[in-house]
Amino acid sequence: MIGTTTPAMPTAPGVPAIVSSRFGVADGHTLEGYRSSGSYEGYSALRAVLEMSPSAASEIVKDASLLGRGGAGFPAGIKWGFCPADVWPRYIVVNGDESEPGTYKDRVLMERDPHQLIEGCLIAAYAIGAAQVFLYVRGEMAHAQERIAAALNEAYAAGLVGRNILGTDFSVDIVLHWGAGAYIVGEETALIESLEGNRGMPRLKPPFFPAAKGVYLAPTIVNNVETLSNLPWLFSHSVEEYRSVGTDSSPGTRLIALSGHVENPGIFEVAQGTTTFRELFESELYGNGIRAGHELKMFIPGGASAPWFFPEQVDLPLEGRVVGGAGSMLGSGAVVVMDETTDAVRACLRLVRFFARESCGKCTPCREGTTWEEKILQRILDGHGRPSDLELLLDVADNISPGPYPVASDPANDLDAVPYPPRQTTICPLGPSSVAPITSAIRRFRHEFEDKIVQRDLIPVEGVSVDV
Amino acid sequence: MARLTPENVELAHRIIARYPRPKSATIPLCHLAQEQDGWLTDEAMVHVAELVGCTPAEVLGTASFYEMFKRHETGRYCLNVCTNISCQLLGGEELLEHAEQVLGVRPGGTTSDGMFTLEDVECIAACTEAPAVQVNYRYFHRLGPDDLDQLITDLRSGALDDVVPHHGTLGRVHQDLDGDRIANITPPEAQTEPVWIRRHRELAESNDGGAS
Amino acid sequence: MSEPPRRIEITEPVTITVDGREVTAQNGEWLIDACERNDAYIPRFCYHPRMEPVGMCRMCLVEVDTGRGPALQPSCMLPVTPGMSVDTTNDKVAKAQDGVLEFLLSNHPLDCPVCDKGGECPLQDQTMAYGPGESRFVEEKRHYEKPIPISETVFLDRERCILCDRCTRFASDVAGDPLIHFIDRGSQTEIATFPDEPFASYFSGNTVQICPVGALTAKPYRFRARPWDLEEVESTCTSCSVGCRVTIQSSRNQLVRYQGVDSDPVNWSWLCDKGRFGHEASNSEDRLREPMRRSEDGALRVAQWSDALGAAAAAIRSVDPSRVAVLGGARLTNESQYAWTKLAKSVIGTDHVDAQLGDGLPAEVVLGLPGASIDDVCAKGGTVLYLGPDPKEELPVLYLRLRHAAVSDSVRIVECSPMRSGLSPYAAASLQYAPGELPALVAALCSGDVPDGGVAGVDADTVRSAAALLDGIDDLSVVVGRANLAETAGVVVDAIDAVRSARPGARYLSALRRGNVRGALEAGMSPGLLPGRTTIATGSATWTEAWGAVPTAAGLDGLGILDAAAEGRLDVLILLGADPLTDAADRSLARRAIAGAGTVISLDSLPSASTLQSDIVLPVAAFGECDGTTTNLEGRVTVLHQKVTPPGTARTDWMIAAELALRLGGDLGVESSQVELWDELVKHSAPHDGLSSAALAAQEDPDGLLLPLDATIELAATTPTNVPPRSADSLRLVVNRTLYDSGSAISHCASSAALVPEASVRLSPADAAAMGLETGTFVTVASSHGSVSVPAVVDPGVPGGAAVVRHNLESVDAGVLVDAADPVCDVRVELR
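Protein chains in written order, with the numbering used here: chain A, 105 to 572; chain B, 51 to 262; chain C, 509 to 1340.
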């Protein structure tokens, strides 16, 4: 029971282990282990990159169509290109503040293969022309911090980081930075605020697009840990080999954390775009089926912020646009499976409570709205719900995210999907994300809410009597 | 209940030197203070403010935003039980209730012997290993009630002293960023176009010039 | 809300569509301002036109289409772009606004009946206009302890707070005092100070003014009035010479509140707390209400006006005019200053007239240098040589402007000061010079010629890098003033001379503190001077024609008057709101002067040490009690308005002058109002051309009219001041001012009086270490003139060799150390 390990998971036939090849290697986190194990030789990609021009390196990332793995799925090469020309310095901030409920992949990458991430940082820094890289690790991940600190110390000592890397004129410092517990800091502008020593409250984009005005208002590229961890493999192989995995619009692999009611929860590196949720749930390689004796009720395809999917959606592939069109998002590679024992109201409350607790408090609708949503749901669960509460809940939600909210189709009731993303009255998507479980649950399981709403004339509400 | 010790002040200056602007070191220095005292005291915040060049109110504003900073004394062990969705599905809430009964405190409370502070926490990125618990930010995976009892017993007996340091300690391995390997950490206004970028730009420009 | 969009000049017009109408806006301006300018007001809470927007409250969401389809966007952070189409009222917008208001009200206590803001509350008003009729929130609201003091003057009610970030943004971004901050997170977020570290900002009252709810209230106004009972007029604060535009509000003939008005060239709507809460002094129980005369038994007794004026006239009439002097007047209105100048120089026939007590700059320097406005000094990308006093202490809103210029507008400030000031953190270079050695430092800065051993106690490298900032800057802005009252004005004049010869294109802003000192000099309240920037030499013809007679030779200046009085050469000393006994830099000289003068006649609104020693005391109307005009440090003339009647039988200063003139057989030519005095000045004064009372009254904006910046008075050649070297066993004294001192305006202002700091002597760490002192050690500071006992404070902002004592603190009288006859003052600091 005690431990910090997750066993190595094999990839499917024909799918290379691009980022997870050292997960099962005992010393994969050391410099020696990084060089001698895994699906490529550690730091050989860096040597190759230093022979290219920075713009050629950027082109490769663009050609590979390496999609960001943090949640939004934006192509990294294009993001890099957003830095205004001739504005210096530029910074790279590595987003290792993994905290989206259901998500568990960056921590493994940082704990098991820190050099892979460091090499990825170096390649990006070379291509972009970064003055400094900040590796922002979630505060609660003490072990990841230790592994990265040790790896950086080794890499500095070996001349791989710092001044005149590998004897060239390429010099960059990578600084390990760590947070202190706030989900919202995973949002890139909040991450930047936090890195500047402030409260992690998001900035409005525009004008604060990090690529133009990021850390210290200098151009800043914020990349996810997994995104950068793809670079060493990419540069020690080729664009063609990379693009041979997955689909044209979603090439390569993704790390998926499959949790909840499956027989074999775990972290799996799967081909993007081609793998379906059904394969993920049922394959012996992956989930090995829904818990014995149970059946799928619903699942979250991309972390707590994603609207729910239902059995009708299991044959969709793990492809960003397809999932978006179906009313949800792939997000951060967090698939949470819920079987028929799950109480939809309780699950919904737990997710909404998360957003209420993690709201930074900057925008009125999110600060006040998420806590109000939580209170209404708690009231319903406690048996103090009123018949009007569901409409109230939906309207409060509408004031955070106006208009039709993304939701999966419901063929039985002849309801179409509303495609992703939601609209928002807030700066960042946290508030609107709180609406995902509400609309998903009420649309599909309205009766479960209604069953909990007790019809009474007078409902005591913490000292207040309210006529119903 | 104190300002940073001389050794920690020295470490603080080394941490500050890693950033283009001192204020960026606020969170790491608050961690340093919490590692020293077990919690973040007012005196420490005043000291951090002096070190990074801002007001104590600004340090408080930053520190209070983040859950890991405790502004009151906590137990030797912070027992954080995850109850978010993946853990909830596999008994996280029941595990928390069990912990409440065993320890005799509600979430946020500290046992009278000062050993444990119990917390009901959000997702700690161990979703495939649910239900998961952290003790002073060290992970314990797939815990049932009996496992939790054993964990508490082991913590009390000191059997886990090597695995779990006292509250406040995060990484016991630190980045060592001193010496002549440092490339160039200066304020942004002192930065110019990196040399390798300039070299390639000039190369490209001279090639263009030669072609035309 | 009461903050209109900043007035701008449209230089890059673009066409946008607002609610179906095509309108013109400035490219890049915030959409919220563009809409308001075009009659489409968008509700808001967090947006303030003088602060960077944060987009927090979400009240200003409107539907905007920039070609990619309509979407709700916060108009406070959206720059106008050509062709943008905006809908500020459609159903989606209305629903969003209604939703935001419902959210804001969900935890708001709705205690409007007992809230000071009720009736002028943006939350209340916007709820009426845009909000839901009733709340659907049935849960328990958040509860906090009801108002908690966050400073001596400001209370915070966290239940009412809507977390708009206005006060906190003001504190950190505008005032540079980030002592209040958001703490905690999400719905638990609140505004707080650090424990035991109050929001002690000179600008705290601004947060009360800009709070869009009743969360922040100020002690002087709490529960004093309801907004609908208030009457108000616009005026200009005269507590210092910055001239901040204000609204003065009264209830039942009592001044209850001043609010900042946005004057674009001056105060941007901000006020300092000393000015803002100054009405407490006006309302003081101690106000002088009736004339008083010293009776046979030596006591001051209430007298009839006719008795008092008769006695004053008799005293003046019975002596030679050369034995009469008028001291002070820098806080009077322009009209009263003109009346008193005319009375003294024409009717009485004395030129011993000085509005300054030897603590300012010579009139011909102030009027003879090419001027710079505040906007000139703060112009984007400019360079400023700052030789004035600590602006945060003396001219607080000028400090705000300078700070903004340095922080946001890339203005490089090179500051030379006797110790680090409030401005120092924002200066590109801040040099602390040895008292008396400013001219050498300035010469080195301007020439770049720096001896290797440094200059004026500043090391060579520091001077050289500062000189590099000034190198080649011909259009330098120079702020000049008296940073050290223990040092003669001649030192500053010599420094100015050094700049003038090295940078002929430089322009100057005189940072003199007293409210209308500039107006006094423009009115000729200085020896050898006549109104309209003329001297006896250049203005006699004009003013003889206007007045009938003018002095033929220059009289005594402030220090000369005090000297003459001390030596028994003055029979009548008239104090116009001046209090030499607590305000003069050389305290013993002031004591001897008051004792040695024959009859002392004092015009004042509050009792002071000097009025209590006077023979005749005439109560005068204070700020808010009289009409007129005032001139700020730039030379900007603005209109002052009366809001309440003066207490008792107090009269305006000009009325008293007119009455005395009649009793002395003269006539000031004023029959019914001060306007006649102003128009007479304007008629004869070339610089005042175009500033007639009619022109001022026709002004639509609050900015007033600026006197010409180019000087019309000739700057006389000066003799350099000879500063002796400092002996090794002494320190050189610096006496500087603090915002809250023991002057009568503060002493009678309850909320400010509590903020007067304890006296101390500040020493450099090196000197303190050499003497074995630490902060708190009691020491004796002794000059050849006198000594005081004070606790020492070790301050790294003080350069070696200097000892800094605050001017005019009741607990310790630094004035006893100073001898006005000496160019500098050396002291010994010894353990007591």
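All residues carry an ideal CB built from backbone N, CA and C; glycine is no exception.
Below 6 Å CB to CB, which residues in the same chain sit around residue i once its five sequence neighbours on both sides are set aside?
i                       : result
residue 683 of chain C  : 709 and 711
residue 1304 of chain C : 1273
residue 727 of chain C  : 661 and 1259
residue 918 of chain C  : 889
residue 1101 of chain C : 1070, 1073 and 1074
residue 911 of chain C  : 684 and 934
residue 546 of chain C  : 526 and 531
residue 108 of chain A  : Because the pLDDT of residue 108 of chain A is 47, which lies under 50, any placement of that residue in the model is unreliable, and the number read from its coordinates should be weighed accordingly. Excluding residues within five positions, the ones whose Cβ falls inside 6 Å are 247.
Tell me residue i's beta-bridge partners as DSSP assigns them.
i                       : result
residue 361 of chain A  : A/371 and A/438
residue 765 of chain C  : C/757
residue 985 of chain C  : C/892 and C/1015
residue 473 of chain C  : With chain C represented from 509 up to 1340, any question about residue 473 of chain C goes unanswered, as that position is not in the structure.
residue 791 of chain C  : According to DSSP, residue 791 of chain C bridges with nothing at all.
residue 538 of chain C  : C/587
residue 586 of chain A  : Outside the shown range of chain A, which is 105 to 572, sits residue 586 of chain A, and nothing can be said about it.
residue 278 of chain A  : A/237
residue 1297 of chain C : C/1288
residue 940 of chain C  : C/925
Apart from the five residues just before and just after residue i, which ones in its own chain have a Cβ nearer than 7 Å to its Cβ?
i                      : result
residue 563 of chain C : 582, 584 and 585
Pull up the distance between the alpha-carbon of residue i and that of residue j, whole angstroms please.
i                       : j                       : result
residue 414 of chain A  : residue 513 of chain A  : 9 Å
residue 898 of chain C  : residue 1025 of chain C : 18 Å
residue 309 of chain A  : residue 264 of chain A  : 35 Å
residue 89 of chain B   : residue 1147 of chain C : 58 Å
residue 500 of chain A  : residue 161 of chain B  : 39 Å
residue 806 of chain C  : residue 1105 of chain C : 16 Å
residue 185 of chain B  : residue 211 of chain B  : 11 Å
residue 1328 of chain C : residue 949 of chain C  : 23 Å
Can you say whether residue i is buried or exposed, counting buried as having 16 or more other CB atoms within 10 angstroms of its CB?
i                       : result
residue 458 of chain A  : buried
residue 784 of chain C  : buried
residue 788 of chain C  : buried
residue 253 of chain B  : exposed
residue 510 of chain A  : buried
residue 1191 of chain C : exposed
residue 636 of chain C  : exposed
residue 417 of chain A  : buried
residue 530 of chain C  : exposed
residue 114 of chain A  : exposed
residue 550 of chain A  : exposed
For residue i, which residues from the same chain have a beta carbon less than 8 Å from its beta carbon, with the 5 sequence-adjacent residues on both sides left out?
i                       : result
residue 1157 of chain C : 797, 798, 799, 813 and 1127
residue 1330 of chain C : 996
residue 655 of chain C  : 663, 664, 665 and 725
### Message
Against chain C, which members of the region 105-124 of chain B pass a CB distance test of less than 7 Å?
### Response
105, 106, 107, 108, 110, 111, 114 and 115
### Message
At a CB distance below 8 Å, what residues from the region 449-466 of chain A approach chain C? Give them in sequence order.
### Response
460, 461, 462, 463, 464, 465 and 466
### Task
May I ask you to list, following chain order, the residues of the region 488-519 of chain A that have a beta carbon less than 9 Å from some beta carbon of chain C?
490, 492, 496, 499, 500, 502, 503, 504, 506 and 507
### Query
For the region 608-627 of chain C, which residues have a beta carbon sitting closer than 8 Å to at least one beta carbon of chain A?
608, 610, 611, 612, 614 and 615
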